[in-house]
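K.L.:
Dropping the structure in here first, questions after.
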Amino acid sequence: MSRFSASWLALREAYDHRATATAPLFAIRAALADRRPLRALDLGAGSGAAIRLLAPLLPKPQEWLAVECDPALVAEGRRRCAESLPAGVRVRWKGDDLARTDTLSRLLHRPVDLVSASALLDLVSRSWLAELVAILAASRALLWTRLTFDGRIHFFPPDPFDRRLVALLCAHQRRDKGFGPAVGPEAVTTLAELLAPLAGRMVTASSDWRLGPRDRAIQEILFDLWAEAAASMAPQEAEAITGWRHRRLTHLRAGRSHLTVGHRDLAWLPGAAA
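Residue numbering for the sequence shown is 8 to 281, as defined by the working numbering.
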């Protein structure tokens, strides 16, 4: 299963919602309390989960531009947003490739109040983040990012191969995902470093997935995805990786597997909005 498939996004949505950090979210909500109409841009929108979470908390009317390159996810997002969003929220969908060099400047050539991105920033390059920050500095738009992987994964029961598996996974995260060498687990640290010289306020907090034996479906998928990613980085360790996956699934099927996946959320409030 692709990490970007509609079925995967549907499975993870409840976990993402539960994990979303309140401090950055409430900072964005407070800063936008008087913006009417509110104009927002959601990057890598998937099926629109972030819009469905945030839109009911913000003043109306709202105009969203949801940017997603996968036509199947655009269709799913249109359907789900039409079914669930309150009156006064309009979402326009745009199929666009965020990895293209001119995409950010084209998307942000018109004023927006908010830019949001979920589970995206660990895929992009430092230069892509630098361009985003430069555009934000000029536009004075707020930024809300959530569920950015930060490299922390904790397993219980522990396994001797856990540390090696995480190291291989983090190395895989740093591979080029179409944007240039990815910042991977250093995404939020890199973004914070780039934002630091600007006048404004930054709010960050953990947004970890905390999974237990009842969360069997998502754990199974994660173990499969991680084993596949690790094997692509170290084919010579395929046997050890397969053994690790087998032991993890054995713990899960015995009802004793617990898993924490580390993420960070960040809100950026420029100048007076802070």
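A virtual CB, placed ideally from N, CA and C, is assigned to each residue, including glycine.
Check Arg133 in the structure and name its three-state DSSP category.
P.N.:
If DSSP states are grouped into helix, strand and coil, Arg133 belongs with the helices.
K.L.:
Apart from the five residues just before and just after Gln180, which ones in its own chain have a Cβ nearer than 7 Å to its Cβ?
P.N.:
Closer than 7 Å at Cβ, skipping near neighbours: Asp129, Phe156, Ala189, Gly191, Pro192.
K.L.:
Express the C-alpha separation of Arg260 and Trp275 in angstroms, rounding to a whole number.
P.N.:
About 42 Å.
K.L.:
Would you mind sorting Gly219 into buried or exposed? The rule is 16 or more other CB atoms within 10 Å of its CB.
P.N.:
Exposed, because fewer than 16 other Cβ atoms sit within 10 Å of the Cβ of Gly219.
K.L.:
Can you tell me whether Asp157 is helix, strand or coil according to DSSP?
P.N.:
Reduced to three states, the DSSP call for Asp157 is strand.
K.L.:
Given a cut-off of 8 Å, decide if Arg271 and Thr1 are closer than it, judged by their beta-carbon atoms.
P.N.:
Residue 1 cannot be examined here, being either before or after the span of the chain that is shown, 8 to 281.
K.L.:
DSSP beta-bridge partners for Trp71?
P.N.:
Paired residues: Ala47, Val98.
K.L.:
My output table needs one value for His116: the three-state DSSP class, helix, strand or coil.
P.N.:
His116 falls in the coil class under three-state DSSP.
K.L.:
Find out if the Cβ-Cβ distance for the pair Ile160, Gly269 is shorter than 8 Å.
P.N.:
Yes.
K.L.:
Looking at the structure shown, is Gly269 part of a helix, part of a strand, or coil, going by DSSP?
P.N.:
Here Gly269 sits in strand by DSSP.
K.L.:
How about Ala245 and Ala30: are their beta carbons less than 8 Å apart?
P.N.:
It is not a contact, given that the beta carbons lie outside the stated cut-off.
K.L.:
Exposed or buried, what is Leu64 when buried is set at 16 or more other beta-carbons lying within 10 Å of its beta-carbon?
P.N.:
Its Cβ having fewer than 16 others within 10 Å, Leu64 is exposed.
K.L.:
Under 8 Å between the Cβ atoms of Arg75 and Gly53?
P.N.:
Note on residue identity: the sequence assigns Glu, not Arg, to residue 75. It is a contact, given that the beta carbons lie within the stated cut-off.
K.L.:
Of all the options Val81, Trp151, Ala124, which has the alpha carbon lying nearest to the alpha carbon of Gly102?
P.N.:
Closest option to Gly102, Cα to Cα, is Val81.
K.L.:
Is the segment 140 to 151 close to the segment 108 to 125, with three or more CB pairs under 8 Å?
P.N.:
The segment 140 to 151, when compared against the segment 108 to 125, does touch it at the 8 Å Cβ threshold.
K.L.:
What is the DSSP secondary structure of Leu105, reduced to helix, strand or coil?
P.N.:
Of the three classes helix, strand and coil, the one that applies to Leu105 here is coil, per DSSP.
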